[in-house]
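S.K.: I have a structure here, written as structure tokens, and I will follow up with some questions on it.
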Amino acid sequence: MNIERMLYVYLFICLGMIFFYVAMAVSFRRREKRTVKVSSEFRDKVSRELENIEKGGKVDEAHKQFMEKKLKKINNMIAFDGMLEEIFDEKEELVKEYLSQLESVFADLTSYYCKRNQLESAYYPYIIKKYRLIEGNPNSSIVEAMYRMLNIDYLYGRENAMQAIYTTGDSYCVVKAVKILDRSNIFFNSKLLTDGLLNFTGDRAELDRQFTHDFENFSPEMQVTLLNYLRFSSGDHQEFACSLLSDEHRDNELRYSAIRYLAKYPYEKAGELISKMAVSGSDASWQYAAIASTALASYPSAENIEILKNNLYSSNWYVRFNSADSLKKLGITYLELVEVIDGEDRYASEILRYRMKADKMKTDNMRKKETQGA
Amino acid sequence: MIDGIDLFLKIVGVFFIIYLIGYSTFLFLSVVVGSSELYKIHRQKTLQNFLPNDYFIPISIIVPAYNEEVTVVETVKSLLGLEYKLYEIIVVDDGSKDNTTLELINAFSMYPVQKPIRMQVDCKPIEYVYETNDYKVPITVIRKENGGKADALNMGINASSYPYFICMDADSVLQYDSLRNIVEPILTRDNVVAVGGLIRISNDVELERGRVKRYRLPKKLIPCMQVLEYDRSFLASRILFDKFNGSLIISGAFGLFRKDVVIDSGGYDRETMGEDMELVVKLHEYCTVNNIDYNICYATDAICWTQAPETLKDLKKQRKRWHLGLFQSMYKHRQILFNPKFGAVSFISYMYFLVYELLSPYIEIFGVLTMILAAMFNLINIPFMIMFFMIYAVFGSILSLTAFFSRMYTSDLELSVGDGLKACLLCIFEITILRFILAWVRGTAFRGYSDKKLHWEKVERKKINFK
């Protein structure tokens, strides 16, 4: 009976898998013990080198060769990482100096790790990032390896490489890396980049300047990502954002992002354009009207308040909601809005009542907390 | 006549051989692929292949509740303890007859608001809304007319502020890191429209602030066997389906969805009992028909702890409901069947659910009747039949155990030797007895079918054992 035989084969493989689990469980335990042993060996050797550095000496060449040989094994690298983690807080400066002297070792390990499977190769930039091995050293061969890793089809490898590049503190390196990501057709979530760029520890103003200067060399999608990043980075680019907003040939997403930028950092010259956009028009432009209605909270004027009041009757839910929100932020009182609140438009009235009530509850709660605190 | 019966039995024999080859191959592949994938994920974590903790995608957590006064406050408290920054909690009280809403209002000092809600998907009208902003994240409770779980979820979608929402059960507890883990596929893969989480059984497990303080298998047999069943599903077959974007189910206890796509596809179907499965099948259909690139993923490290039925009576009720839901979902989206446009979703996922889930109770009952017929005409080889059944039982048990032990890669759950032995003993019982009881329950699920529409499942709630 063939089916019988087939089931036996399946059974045999499954039994094999259970044995494999048992073996793995034993192997995990052994590996843990081995890691402790290797960590301890590393600790002894590294401690001697740290003492040497403390006395003004250099890391011994024999030690470098030993480390290069040992760190080729991924499990030894894990043990090394664990050991460094333990002593890092206590001897931060010494460890940093020790690692900087080990730069050539890590540079030599680069080609070795780049050839390994994706999982293991992604661990390498993690170590580079964690111990900031390329901080202040943008010309290191390790940085070149990090650029190469940006093209691999494994997100964690690319993300770790990008994180490592941020630690160089060099804006040129970061811009180059972003261009590599932009040119590759591999998916890299824009949020990873927007939030990741904020981890850059170097001259942020210079980085922003390079982005705005090179802006046209990026794809429209990347331009949106960069403008979103600039919004969290600095308010020094209002004129730049205003020029993007004024250009009708630009991508819609980019212009939405420009409005958000100018909402966060109000710019007088952009006020009129944003007011025009906030006027609720055709269905096709409702996104502009909705985002601009939010932005008008940063542009107080009698005309804008009137626009926002009119928007409360808009057929679009988001335009109404955002306008009510902006009116609340502009500090418009119940009396000034009584016409709308008591008017016949239920939607406009409802939305305003809600915003006012939410605001009142928030204020009451803050007062209550202050009283309790006192 | 004997010749005719003999021919009939031969045809039936061939059918069952093909049926069993298909089923055992599927189970085998599930376990092998599941285990290797879990090992890969374990290795990834060892080698720090994961995203840093500071990427937050805004999420609305929707908790539909009906007569949940015993558990709902603790559920919301546990949600407030999640290690995530950007989310809101929306509890939708679907016209409970107990004090579900009142318990929440009192526990969290909530105040009434006239919140304008944009009705984008159909649901019953609101009675009143309470909210509070005094906690880590905003909490809203919406009291509405009774309309069923799907209706309550639709209300939650309408009221949500963020682009992604999570649906969960009011008696479930999300693990402290579950939100971070369930959003990870959105950051790592393109066009993700839904992500399913891993459901674990919380009976007799001690949880403290969303962390497992003490793990053990449930003391009672019924939930304990369900642990084996859940592991076979969540640690094996769902991983296999995920490999080819073929998941047809995301458990209603914990799933993340992209709101705009769900709204465009019509939201939860209020006429279906298995609203969780129906939504996922509908997303496949909607995205494929409209040529939208999409991914429906499964995050094995996004963990939700849920209470399993402890009595056979409750379990039977639950499984009847699931089977009816399965039927409704598959019937409603029958255009997927044998449709090349749907690719593997049609020819593997849909076929599997049709043959080995929906029709399996009837096929198994047919098999038993055939055996009786063969015995009547003395055309059955009894020793062979017993041997075959034994092989089947051992094979099924080994597969269950393989999936069960593959949990060693998933989390830091310490499994005692006693629990390991308990699992070994129970797996045979589960595969030989419980499976047949549940097959009978599923086979008879259509009795009283129309009466069950839109009713919430009545399962006795216990206080959740977490601090």
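Residue numbers (this note's numbering), protein chains in the order written: chain A, 1 to 374; chain B, 375 to 841.
Note that beta-carbon positions come from the ideal geometry of N, C-alpha and C, so glycine has one too.
Taking the beta strand (DSSP E) that Glu-501 (chain B) belongs to, which residues open and close that run?
M.R.: 500-506
S.K.: Tell me the rounded alpha-carbon separation between Leu-226 (chain A) and Lys-687 (chain B).
M.R.: Distance from the CA of Leu-226 (chain A) to the CA of Lys-687 (chain B), rounded to the nearest whole angstrom, comes to 58 angstroms.
S.K.: Take Tyr-413 (chain B) as the anchor and find which of A:Leu-230, A:Leu-119 and A:Ser-285 has the nearest alpha-carbon.
M.R.: A check of alpha carbon separations from Tyr-413 (chain B) across A:Leu-230, A:Leu-119 and A:Ser-285 identifies A:Leu-119 as the nearest.
S.K.: Whose C-beta lies closer than 6 angstroms to the C-beta of Arg-43 (chain A) among residues of the same chain, with five residues either side of it excluded?
M.R.: Met-83
S.K.: Might you give, ordered along the chain, the residues of its own chain that have their beta carbon closer than 7 angstroms to the beta carbon of Cys-173 (chain A), omitting 5 neighbours on each side?
M.R.: The residues Pro-138, Val-143 and Ile-165, in chain order, have a CB closer than 7 angstroms to that of Cys-173 (chain A) in the same chain once the five nearest residues on each side in sequence are set aside.
S.K.: What distance in whole Å lies between the Cβ atoms of Arg-231 (chain A) and Tyr-261 (chain A), which are believed to be in contact at a cut-off of 8 angstroms?
M.R.: 5 angstroms
S.K.: Determine, using beta carbons only, whether Ala-358 (chain A) comes closer than 8 angstroms to chain B.
M.R.: yes
S.K.: To the nearest angstrom, report how far apart Glu-68 (chain A) and Ser-121 (chain A) are at their CA atoms.
M.R.: Here the alpha carbon of Glu-68 (chain A) sits roughly 16 angstroms from the alpha carbon of Ser-121 (chain A).
S.K.: Grouping DSSP H, G and I as helix and E and B as strand, with all else coil, what is Arg-355 (chain A)?
M.R.: helix
S.K.: Taking 7 angstroms as the cut-off, does the CB of Leu-630 (chain B) come closer than this to any heavy atom belonging to the ligand NAD?
M.R.: In terms of ligand content, the structure shown is empty, and the ligand NAD therefore cannot be addressed.
S.K.: Please list, in chain order, the chain A residues whose beta carbon lies closer than 9 angstroms to that of Met-782 (chain B).
M.R.: Tyr-21, Met-24, Ala-25 and Phe-28
S.K.: Assign His-249 (chain A) to one of two classes, buried (16 or more other C-beta atoms within 10 Å of its C-beta) or exposed (fewer than that).
M.R.: exposed
S.K.: Using only alpha-carbon positions, find the residue among B:Thr-662, B:Met-759 and B:Arg-574 that is nearest to Phe-844 (chain B).
M.R.: Residue 844 (chain B) is absent from the structure shown; chain B starts at 375 and stops at 841.
S.K.: My assumption, with CB atoms under 8 angstroms, is that Leu-155 (chain A) sits in contact with Thr-420 (chain B). Please give the rounded CB distance.
M.R.: About 17 angstroms separates the two Cβ atoms, so there is no contact after all.
S.K.: Taking 8 angstroms as the cut-off, does the segment 630-644 of chain B touch the segment 806-816 of chain B (at least 3 CB pairs, one atom from each stretch)?
M.R.: no
S.K.: According to a CB-to-CB cut-off of less than 7 angstroms, which residues of the segment 455-485 of chain B neighbour chain A?
M.R.: Tyr-485
S.K.: Reducing DSSP to helix, strand and coil, say where Ile-186 (chain A) ends up.
M.R.: coil
S.K.: Against chain B, which members of the segment 186-208 of chain A pass a CB distance test of less than 8 angstroms?
M.R.: Phe-187, Asn-189, Lys-191, Leu-192 and Asp-195
S.K.: By how many angstroms is the C-alpha of Met-361 (chain A) removed from the C-alpha of Ile-351 (chain A)?
M.R.: 15 angstroms
S.K.: Need the endpoints of the alpha helix (DSSP H) that Asp-342 (chain A) sits in, please.
M.R.: Segment: none, Asp-342 (chain A) is in no alpha helix (DSSP H) and carries neither H nor E.
S.K.: For Tyr-766 (chain B), which option in B:Arg-588, B:Ile-391, B:Thr-514 and B:Met-375 has the closest C-alpha, if you only look at C-alpha atoms?
M.R.: B:Ile-391
S.K.: Residue range of the beta strand (DSSP E) that Asn-669 (chain B) falls in?
M.R.: 669-680
S.K.: Would you mind telling me which residues of chain A sit closer than 7 angstroms to Thr-562 (chain B), beta carbon to beta carbon, in chain order?
M.R.: Leu-155
S.K.: Please confirm if the segment 506-514 of chain B is in contact with the segment 541-558 of chain B, defined as three or more CB-CB distances below 8 angstroms between the two stretches.
M.R.: no
S.K.: Residues in its own chain within less than 7 angstroms of Gln-600 (chain B) by CB, not counting five upstream and five downstream?
M.R.: Ile-575 and Ala-682
S.K.: In this structure, does DSSP put Phe-820 (chain B) in helix, strand or coil?
M.R.: coil
S.K.: Per DSSP, which residues does Ser-434 (chain B) bridge with? Please list them.
M.R.: B:Glu-462 and B:Phe-539
S.K.: Note down the Cα distance separating Thr-167 (chain A) from Thr-371 (chain A), rounded to an integer number of angstroms.
M.R.: In this model, Thr-167 (chain A) and Thr-371 (chain A) are separated by some 46 angstroms (Cα to Cα).
S.K.: Buried or exposed: which applies to His-658 (chain B), given that a residue is buried once 16 or more other Cβ atoms fall within 10 Å of its Cβ?
M.R.: buried
S.K.: With 16 other CB atoms within 10 Å as the buried threshold, where does Glu-804 (chain B) fall?
M.R.: buried
S.K.: Checking the sheet assignment: what are the DSSP bridge partners for Glu-582 (chain B)?
M.R.: B:Arg-585
S.K.: Go to Lys-715 (chain B), then tell me how far its alpha helix (DSSP H) extends in each direction, as first and last residue.
M.R.: Note, Lys-715 (chain B): premise wrong, no alpha helix (DSSP H); not H, not E.
S.K.: Pair every Cβ in the segment 647-654 of chain B with every Cβ in the segment 691-709 of chain B, then say whether three or more of these pairs are closer than 8 angstroms.
M.R.: yes
S.K.: Helix, strand or coil for Tyr-485 (chain B)? Go by DSSP, reduced to three states.
M.R.: Strand at Tyr-485 (chain B).
S.K.: Just list the residues that DSSP pairs Lys-518 (chain B) with in beta bridges.
M.R.: B:Ile-500
S.K.: For the structure I just gave you, are there three or more beta carbon pairs, one from the segment 196-204 of chain A and one from the segment 170-187 of chain A, closer than 8 angstroms?
M.R.: yes
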